[in-house]
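Undergrad: Below are the structure tokens for one structure; questions will follow.
Residue numbers (the working numbering), protein chains in the order written: chain A, 5 to 314; chain B, 875 to 1100.
See below:
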């Protein structure tokens, strides 16, 4: 072909004609691709729900460092600064001795005996408390060990530490870490299985749609069409399948997520699936389009290659 | 222009379909190849089209060996040959115009050439009024005429017609043979395989008779005699 733009125009026109004229093949291919993409989309939402729930659980885990009653404000501030410098630490919140006392009073406001006992004390029995949140649950052990190492990291500041509650929480944190690791491992395997299954379904769909043209491909060869001229329209057609299926899947998710959001927002601890869909619209669409385009293009190339060997 | 030299085709298991084929077809000839089913006619045609390669010997088109053609050379060679099949093999989802235009597009012809030549070649096969029809809307004879128009449109040096009248009634058979004869009269070489005695006897042209993969008779003006 002398002019590449003419070649491209003809290939594009031919692929579009195949798509619109072969309605049965096009509709069934798009339907199968859409179903596969819906499954991938559902998996995307499950990952979202899982990540959200995990974040919620992780946010509830922290280490409390109880400080001695005689710790001065300067020492507490210095200790807080040192802890903040640890790479595993996400945040450190300080509750002063007065905050701790008020917190206690609020929690026990209905307990008259405890409140009476507290009133009889002339001084505040509570010390300040530092609440440490780690970047990741796996970081708590390392933070606790550093705090436990005494003067090695903290220097003089270590002397004001009265108690660290990590070891009381250790078994719960370990359990949580195990669950997170387990779910991640399972998640990767499920993702892999999904990718393989989707690939096989998409590959076979495209292969079948091209199989129907097997005889036509042989005629195209015999009238002197080049491999590119034969293969091009099939690539265009499978690209149209991928685009239409991705758009259709996104449209279908709109009412589905809207309906599910109504039913599940309480169950999902405040996560609104519909908002999640809207907030992640472009990343989900991009994922579906990328998966369908890559798989359908590879499938087209492999399927036509078989029939081009004359 | 087309030469078979000591050609033999043997499939795995020792099944010989062509043996000791020596044949020359000159420019402008109309050659009929006849023989029973399994005589080797279709294999002979497939070798001309480079769909099959000989186990032994060589097949040449002018000075180039067909079995050695690859890639662009093979594509270019196929554009010099027009093919007509018994089962028409039209592109089902394209109109009559688009079927013929496809062969021209594949050969890299411009839109102007396509718009000028397609109606002209359709007039030649008397289908000018069915230009927008799909193959499913045509009779067998009309489909075969579209196939001939498609084979003809790139002005090939040879037209290969493999049992072109096999699915047609006598009236359409006569029409198709007349068209092929007309094409030959205009200077194009035609190689025709057929089982139809009437066609062969009517043509009064060269007849090659095959049996069990061998040429048993090659007559300048032959008759159907098997």
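Ideal placement from N, C-alpha and C gives every residue a C-beta, glycine not left out.
Predicted model, so just to flag it, every value in this text is computed and none were measured.
For residue 314/A, which of helix, strand or coil comes out of DSSP?
TA: Within the first chain, numbered from 1, the residue matching residue 314/A stands at position 310. With a pLDDT of 46 at residue 314/A, under the threshold of 50, the predicted position of this residue should be treated as unreliable, though the coordinate-derived value follows. Looking at residue 314/A - three-state DSSP - the assignment turns out to be coil, as it is neither helix nor strand.
Undergrad: Apply the 10 Å Cβ neighbour rule to residue 232/A and answer buried if 16 or more other Cβ atoms are within range, or exposed otherwise.
TA: Translated into the one-based positions of the first chain, residue 232/A becomes position 228. Counting Cβ neighbours within 10 Å, residue 232/A comes out exposed, since fewer than 16 surround it.
Undergrad: Please state whether DSSP places residue 101/A in a helix, a strand or coil.
TA: For the purposes of this step, residue 101/A is taken as residue 97 along the first chain, with counting starting at 1. It is helical.
Undergrad: What does the Cβ neighbour count give for residue 54/A, buried or exposed, with the cut at 16 atoms within 10 Å?
TA: Position 50 of the first chain, counting from 1, holds the residue named residue 54/A. With fewer than 16 Cβ atoms within 10 Å of its Cβ, residue 54/A is classed as exposed.
Undergrad: Between the alpha carbons of residue 314/A and residue 939/B, how many angstroms are there, rounded?
TA: One-based indexing of the first chain puts residue 314/A at position 310. One-based indexing of the second chain puts residue 939/B at position 65. Bear in mind that the predicted position of residue 314/A carries a pLDDT of just 46, short of 50, making it unreliable; the figure below should be weighed with that in mind. Looking at the two C-alpha atoms, the distance is approximately 17 angstroms.
Undergrad: Return the bridge partner residues of residue 938/B from the DSSP annotation.
TA: In the second chain, counting from the first residue as 1, residue 938/B sits at position 64. DSSP, once it has assigned bridges, lists 935/B as partnering residue 938/B.
Undergrad: Where do the N-terminal and C-terminal ends of the beta strand (DSSP E) with residue 906/B fall, by residue?
TA: Indexing the second chain from 1 puts residue 906/B at position 32. Per DSSP, residue 906/B belongs to the beta strand (DSSP E) from 904 to 909.
Undergrad: Distance, Cα to Cα, residue 1016/B vs residue 1001/B?
TA: Position 142 of the second chain holds residue 1016/B. Position 127 of the second chain holds residue 1001/B. Roughly 7 angstroms between the two C-alpha positions.
Undergrad: Under a three-way DSSP split, which group does residue 869/B fall into?
TA: Because residue 869/B is not part of the residues shown, which for chain B are 875 to 1100, the question remains open.
Undergrad: Return the residues of the stretch 225 to 249 of chain A that lie within a Cβ-Cβ distance of less than 9 angstroms from chain B, sorted by chain order.
TA: Hits within the stretch, in order: 225, 226, 227, 228, 229, 230, 231, 233, 234.
Undergrad: Compare the C-alpha of residue 201/A against each of 39/A, 160/A, 81/A and name the closest.
TA: What you label residue 201/A is simply residue 197 of the first chain in a count that begins at 1. Selected option, being the one with the closest Cα: 39/A.
Undergrad: Return the CA-CA distance between residue 152/A and residue 185/A, expressed in angstroms with no decimal places.
TA: Translated into the one-based positions of the first chain, residue 152/A becomes position 148. Translated into the one-based positions of the first chain, residue 185/A becomes position 181. Using only the alpha carbons, I get a separation of about 26 angstroms.
Undergrad: What do you get for residue 1071/B, buried or exposed, if any count of 16 or more other CB atoms within 10 angstroms of its CB means buried?
TA: Walking along the second chain from the start, residue 1071/B turns up at place 197. When all chains shown are included, residue 1071/B counts as exposed.
Undergrad: Name the chain B residues whose beta carbon is nearer than 7 angstroms to that of residue 219/A?
TA: One-based indexing of the first chain puts residue 219/A at position 215. Simply 963.
Undergrad: Considering only DSSP beta bridges, list what residue 899/B is partnered with.
TA: Walking along the second chain from the start, residue 899/B turns up at place 25. Answer by DSSP bridge pairing, in chain order: 876/B.
Undergrad: Does any residue of chain B bring its CB to less than 8 angstroms from the CB of residue 25/A?
TA: Looking up residue 25/A in the first chain gives position 21. Answer yes: the Cβ-Cβ gap between residue 25/A and chain B drops below 8 angstroms somewhere.
Undergrad: From the DSSP secondary-structure annotation, give me the bridge partner or partners of residue 956/B.
TA: Here residue 956/B refers to the residue found at position 82 when the second chain is read from its first residue. Residue 956/B is bridged to 1033/B.
Undergrad: 8 angstroms is my cut-off, CB to CB: does residue 314/A come that close to chain B?
TA: Sequence index remark: in the first chain, residue 314/A carries index 310 (1-based). Reliability of the predicted coordinates at residue 314/A is poor, the pLDDT of 46 falling under 50, and the value obtained from them is presented with this limitation in mind. Taking Cβ atoms only, chain B reaches closer than 8 angstroms to residue 314/A, which makes this a yes.
Undergrad: Output, in chain order, the set of chain A residues within a Cβ distance shorter than 7 angstroms of residue 923/B.
TA: Your numbering for residue 923/B matches position 49 in the second chain. Those within 7 angstroms of residue 923/B in chain A are 226.
Undergrad: Along chain A, which residues have their Cβ under 9 angstroms away from the Cβ of residue 863/B?
TA: The structure shown has nothing for residue 863/B, since chain B only spans 875 to 1100.
Undergrad: Start and end of the beta strand (DSSP E) containing residue 134/A?
TA: Position 130 of the first chain, counted from the first residue, corresponds to residue 134/A. First-last of the beta strand (DSSP E) with residue 134/A: 133 to 138.
Undergrad: Taking Cβ-Cβ distances shorter than 7 angstroms, what residues in chain B pair up with residue 14/A?
TA: Position 10 of the first chain holds residue 14/A. In chain order: 979.
Undergrad: Assign residue 1033/B to one of two classes, buried (16 or more other C-beta atoms within 10 Å of its C-beta) or exposed (fewer than that).
TA: To locate residue 1033/B, count along the second chain from 1; it is residue 159. Residue 1033/B should be labelled buried.
Undergrad: Judging by CA-CA distance, which residue of 294/A, 165/A, 259/A is the nearest neighbour of residue 76/A?
TA: The residue given as residue 76/A occupies position 72 in the first chain. That would be 165/A, whose Cα lies nearest to the Cα of residue 76/A.
Undergrad: Starting from residue 63/A, follow the alpha helix (DSSP H) in both directions and report where the run begins and ends.
TA: For this step, residue 63/A is matched to residue 59 along the first chain. Its alpha helix (DSSP H) spans residues 27 to 63.
Undergrad: Name, please, each residue of chain A whose Cβ falls closer than 7 angstroms to the Cβ of residue 1065/B.
TA: Counting from 1 along the second chain, the entry for residue 1065/B is found at position 191. None at all; the shortest Cβ gap to chain A is about 14 angstroms.
Undergrad: Can you list the residues of chain A that residue 949/B reaches, using a CB-CB cut of under 7 angstroms?
TA: Sequence index remark: in the second chain, residue 949/B carries index 75 (1-based). Residues of chain A passing the Cβ test: 228, 230.
Undergrad: Which same chain residues end up closer than 7 angstroms to residue 1042/B when comparing Cβ atoms and leaving out the 5 residues on each side of it in sequence?
TA: Your numbering for residue 1042/B matches position 168 in the second chain. Result list for residue 1042/B: 1014, 1015, 1018, 1050, in chain order.
Undergrad: Does the CB of residue 976/B have a neighbour CB from chain A at under 8 angstroms?
TA: In the second chain, the residue the question calls residue 976/B occupies position 102. Yes, contact with chain A.
Undergrad: Short of 8 angstroms Cβ to Cβ, which residues in the stretch 34 to 55 of chain A face chain B?
TA: Result list empty, no residue passes.
Undergrad: Across which residues does DSSP place residue 825/B in a beta bridge pair?
TA: Within the shown structure, residues of chain B are numbered from 875 to 1100, placing residue 825/B beyond reach of any answer.
Undergrad: Check whether the stretch 957 to 966 of chain B and the stretch 203 to 211 of chain A touch, using three or more Cβ-Cβ pairs below 8 angstroms as the test.
TA: As far as the Cβ criterion goes, the stretch 957 to 966 of chain B does not touch the stretch 203 to 211 of chain A, which means the pair count is below three.
Undergrad: Out of 27/A, 169/A, 215/A, which one is the CA nearest neighbour of residue 306/A?
TA: If you number the first chain from 1, residue 306/A lands on position 302. Residue 215/A is the option with its Cα nearest to residue 306/A.
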